[in-house]
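Structure record follows, encoded as structure tokens.
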Amino acid sequence: MTTRVIEAHGLSKSYGAHGALDGLDFRVDSGRIVGLIGPNGSGKTTALKAILGLTPYEGELRVLGLDPFKQRDALMRDVCFIADVAVLPKWLRVAQALDYVEGVHPRFRRETAEAFLGKTDIRVQSRVRELSKGMVTQLHLALILAIDARLLVLDEPTLGLDLLFRRAFYDSLLNDYFDHERTIIVTTHQVEEIENLLTDVMFINHGKVVLDSPVENIGERFLQLVTTPDRAPAARALGPLHEREVFGRIGMVFEGRSADELRAFGEVRAPSLSDLFIARIQGGKSS
Amino acid sequence: MKYWITLVRREFWEHRALWVAPLVVAALLIVLTAVSGGVHLAADARIEVDGQAIDFVKAITPERAEKLFGVLVAGLYVPQLIVVLVGLFFYLLDALYSERKDRSILFWKSLPVSDSHTVAAKALVALVVVPLGVWAVSAVTSLATIGVLTNKLAGTSFAPIVQWNTGIWLAVQAAMFAGTLVAALWYAPVAGALLLISAWARRNVFLWAVLPPVALMLLEKTAFDSNRVASFLEYRLGGFFDAMGMGVSPGERAVGMTDREFARIGEVYSRLDTTPLLGNVDLWLGVAAAVLMLWAAVQVRRRRDDT
Numbered sequence: 048m049t050t051r052v053i054e055a056h057g058l059s060k061s062y063g064a065h066g067a068l069d070g071l072d073f074r075v076d077s078g079r080i081v082g083l084i085g086p087n088g089s090g091k092t093t094a095l096k097a098i099l100g101l102t103p104y105e106g107e108l109r110v111l112g113l114d115p116f117k118q119r120d121a122l123m124r125d126v127c128f129i130a131d132v133a134v135l136p137k138w139l140r141v142a143q144a145l146d147y148v149e150g151v152h153p154r155f156r157r158e159t160a161e162a163f164l165g166k167t168d169i170r171v172q173s174r175v176r177e178l179s180k181g182m183v184t185q186l187h188l189a190l191i192l193a194i195d196a197r198l199l200v201l202d203e204p205t206l207g208l209d210l211l212f213r214r215a216f217y218d219s220l221l222n223d224y225f226d227h228e229r230t231i232i233v234t235t236h237q238v239e240e241i242e243n244l245l246t247d248v249m250f251i252n253h254g255k256v257v258l259d260s261p262v263e264n265i266g267e268r269f270l271q272l273v274t275t276p277d278r279a280p281a282a283r284a285l286g287p288l289h290e291r292e293v294f295g296r297i298g299m300v301f302e303g304r305s306a307d308e309l310r311a312f313g314e315v316r317a318p319s320l321s322d323l324f325i326a327r328i329q330g331g332k333s334s
Numbered sequence: 028m029k030y031w032i033t034l035v036r037r038e039f040w041e042h043r044a045l046w047v048a049p050l051v052v053a054a055l056l057i058v059l060t061a062v063s064g065g066v067h068l069a070a071d072a073r074i075e076v077d078g079q080a081i082d083f084v085k086a087i088t089p090e091r092a093e094k095l096f097g098v099l100v101a102g103l104y105v106p107q108l109i110v111v112l113v114g115l116f117f118y119l120l121d122a123l124y125s126e127r128k129d130r131s132i133l134f135w136k137s138l139p140v141s142d143s144h145t146v147a148a149k150a151l152v153a154l155v156v157v158p159l160g161v162w163a164v165s166a167v168t169s170l171a172t173i174g175v176l177t178n179k180l181a182g183t184s185f186a187p188i189v190q191w192n193t194g195i196w197l198a199v200q201a202a203m204f205a206g207t208l209v210a211a212l213w214y215a216p217v218a219g220a221l222l223l224i225s226a227w228a229r230r231n232v233f234l235w236a237v238l239p240p241v242a243l244m245l246l247e248k249t250a251f252d253s254n255r256v257a258s259f260l261e262y263r264l265g266g267f268f269d270a271m272g273m274g275v276s277p278g279e280r281a282v283g284m285t286d287r288e289f290a291r292i293g294e295v296y297s298r299l300d301t302t303p304l305l306g307n308v309d310l311w312l313g314v315a316a317a318v319l320m321l322w323a324a325v326q327v328r329r330r331r332d333d334t
């Protein structure tokens, strides 16, 4: 059964004169994996903080039916988040981390976390300061996976990790954690790496949602054309969102054009999320 | 219950000095007594009685021995108190600051623990858990120290100086226990102020705790040539020890103790009784101020997002 997990209307937040969120409207349903993608300073971290009750905001926001800022402690029974790799305190021992979460979280299953840790090189007597960056993320993930939560929020969870750890992280997430009752929101700069696991994407820029779509609809709405400079002017007449030149060939992203229309000018394919992201954020400007 | 125990344990994991320091002081007291106890007393140590110097050991009547024992038992608390007060000062300043400095606040806030519970647990640790722990450690320490000392003096002419007295020992422990709880109330506003600074200051919590009061004192002195700020702080910081009769210089009292003062002391432990402070309206005004400052610390922790 699908339920509404997040509902935002006119979500706004400003730091002094600088507006971080400018009237965001969006919904997230259960069972989705949403990629929240935006450039630095776009407001995506602020949006996550609002969802997690870490910051006051204006507008309407319900997460699992609760007001996140007023009811953060109640909300955190059902919501987990990993802010980024640096947030486990250096003095904490692995065993203490397990004791603490077990002591305060009614939905934490210690055996699950221990089983996960058993598959890693992490020893329970180690302190966080003795672990590598990758191991700290594994530890945090072990804690999170053992919590029976309904919404998981990941903000740059794999920042600074090497490729092997990043791949293993998302594999664990999908295999050990995700099911269709749960919802995941993830932000990352490494869009290509999570492209295949997302069900929805939300692009955010200057505090506004510029694209909010299920992944399966993207191929219908957007197409990428790769063409040559001599055929480019004719293709340009169809109004691409964005174009760029790579190795003497020109890539254009179109919205609402059919593949048949475009095939006359060159090779047509579905744009990758990063191409689409650049097209949406930079608009018509060519680079 | 398990929830609150977890919140309290977490504080001792991060701030190990809170439990290590009292144990180290206790060990030092016992070891130092074993190594040097009694040696520093010269054979001809004298005490002044009614202006007349007399032989110290001979002056010890059974009645005086009781009081001497009381002073000894209570005196063993002094090193612990000094260390724990310094330790708690730095603990409170660090309590809501280090989690912002290392950004671990984002981890703590990802768990179902409210800001008010977090702040309450830290205040509870500083005002109740650590002081009661120190009280218990001190009680055991005094048993061990007195045992070592008695053993050491046995058979020497100094033996009469330490005469075990169960009634007095228990009375001192009871007075200290009550004193610990009264102190928690008396010092609650100080703890509240330190936690508020800890939640609020962007950096340099120590300077924020120390400089503003000093600056205010100097300003007042230069502008009005008065000392209201200074005497207010002295009252708030030292008032409890004044009530305990351990005021400005406990050393003076002990050294210059005359027979008349012995008599005036009466029962040693009756001077340790701080419960009359509960009738002082200033104590309760302080508790009200503490509640306000703790509430403010909760609001600051809840609203700020500069991590």
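Chains as they are written, first to last, in our numbering: chain A, 48 to 334; chain B, 28 to 334.
Note that beta-carbon positions come from the ideal geometry of N, C-alpha and C, so glycine has one too.
None of these values were measured; they are calculated from a predicted model.
*asked:* Check whether chain A comes within 8 angstroms of B/Arg255, counting only Cβ atoms and requiring the distance to be less than that.
replied: no
*Are the stretch 244-264 of chain A and the stretch 72-86 of chain A touching by the rule of at least three beta carbon pairs closer than 8 angstroms?*
yes
*Run the CB neighbour count on B/Pro239, radius 10 Å, all protein chains shown included, and call it buried at 16 or more, exposed below.*
exposed
*Exposed or buried, which one is B/Lys29 when buried takes at least 16 other CB atoms within 10 Å?*
exposed
*Should A/Gly88 be labelled buried (16 or more other beta-carbon atoms within 10 Å of its own) or exposed?*
exposed
*Alpha carbon to alpha carbon, how far is B/Arg43 from B/Leu321?*
23 angstroms
*By Cβ distance, which residues of its chain are closer than 6 angstroms to B/Gly293, with the 5 residues on each side in sequence left out?*
Since pLDDT at B/Gly293 reaches only 44, below the 50 mark, its modelled position is unreliable, and no value is offered.
*Could you tell me which of A/Thr235, A/Cys127 and A/Ala142 sits nearest to A/Arg213, measuring between CA atoms?*
A/Thr235
*Span of the beta strand (DSSP E) around B/Gly306*: B/Gly306 -> no beta strand (DSSP E), and no H or E assigned at all.
*asked:* Could you pull the DSSP bridge partners for B/Gly182 from this structure?
replied: Answer by DSSP bridge pairing: none, since B/Gly182 is not bridged.
*Determine, using beta carbons only, whether A/Val141 and A/Ser173 come nearer to each other than 8 angstroms.*
Closer than 8 angstroms, so yes.
*B/Glu41 touches chain A at which residues, Cβ-Cβ below 9 angstroms?*
Pro136, Trp138 and Leu139
*When DSSP labels each residue in this structure, what does A/Glu203 get in the three-state scheme?*
coil
_Partner residues on chain A for B/Asp269, Cβ-Cβ distance less than 9 angstroms_ = Scanning chain A for C-beta atoms nearer than 9 angstroms to the C-beta of B/Asp269 yields nothing, as the closest lies near 38 angstroms away.
*Can you give me the start and stop residues for the beta strand (DSSP E) that A/Lys60 sits inside?*
Arg51 to Tyr62
*Spatial neighbours of A/Glu314 within its chain, please: CB distance less than 8 angstroms, with the 5 preceding and 5 following residues excluded, ordered by chain position.*
Sequence-distant Cβ neighbours of A/Glu314 in its own chain, meaning closer than 8 angstroms and more than five residues away, are Leu272, Val273 and Thr274.
*Return the CA-CA distance between A/Leu71 and B/Val318, expressed in angstroms with no decimal places.*
38 angstroms
*asked:* I want to verify the contact list: residues of chain B whose CB lies under 7 angstroms from the CB of A/Leu94, in sequence order.
replied: Note that residue 94 of chain A corresponds to Ala in the displayed sequence, not to Leu. Ordered by position in chain B, no residue passes the 7 angstroms Cβ test against A/Ala94, which lies about 12 angstroms from the chain.
*Can you find a CB in chain C that lies within less than 8 angstroms of the CB of B/Ile195?*
Absent here is chain C; the protein component of the structure consists of chains A and B.
*asked:* So with CB distances below 7 angstroms, who are the chain B contacts of A/Arg143?
replied: Note that residue 143 of chain A corresponds to Gln in the displayed sequence, not to Arg. Chain B residues near A/Gln143: Trp40.
*Pick from B/Leu176, B/His144 and B/Thr172: whose alpha carbon is nearest that of B/Arg328?*
B/His144
*asked:* Quick check: the Cα distance between A/Gly298 and A/Asp307, rounded to an integer number of angstroms?
replied: 17 angstroms
*Span of the alpha helix (DSSP H) around A/Leu211*: Leu210 to Ser219
*Buried/exposed call for A/His289, threshold 16 Cβ in 10 Å*: buried
*Using a Cβ-Cβ distance under 8 angstroms, would A/His152 count as near chain B?*
yes
*Give the range of the alpha helix (DSSP H) segment to which A/Lys180 is assigned.*
Lys180 to Leu192
*For B/Glu38, which of helix, strand or coil comes out of DSSP?*
helix
*By a C-beta neighbour count over all protein chains shown, 10 Å radius and 16 as the cutoff for buried, is B/Val232 buried or exposed?*
buried
*Give the DSSP-derived three-state secondary structure of B/Leu123 in the structure shown.*
coil
*Near B/Val52, what residues of its chain come up, given a Cβ to Cβ distance below 6 angstroms and the 5 sequence neighbours on each side ignored?*
For B/Val52, where only same-chain residues beyond five positions count, the Cβ hits under 6 angstroms are Pro106, Gln107 and Val110.
*Alpha carbon to alpha carbon, how far is A/Val36 from A/Asp202?*
An answer regarding residue 36 of chain A cannot be provided, because it is not within the stretch 48 to 334 covered by chain A.
*Return the residue from the list A/Ser219, A/Leu58, A/Gly90 and A/Ile98 that minimises the CA-CA distance to A/His65.*
Checking every option, the nearest Cα to that of A/His65 belongs to A/Gly90.
*Proximity winner among A/Leu58, A/Val110, A/Leu139 and A/Gly57, relative to B/Phe39 (alpha-carbon distances)*: A/Leu139
_Inter-residue CB distance, A/Ser59 and A/Gly106 (contact presumed, cutoff 8 angstroms)_ = 5 angstroms
*asked:* Quick check: B/Thr177 and B/Leu56, are their CB atoms within less than 8 angstroms of each other?
replied: no
*Would B/Arg130 pass as a contact of A/Val134 if the rule is Cβ separation under 8 angstroms?*
yes
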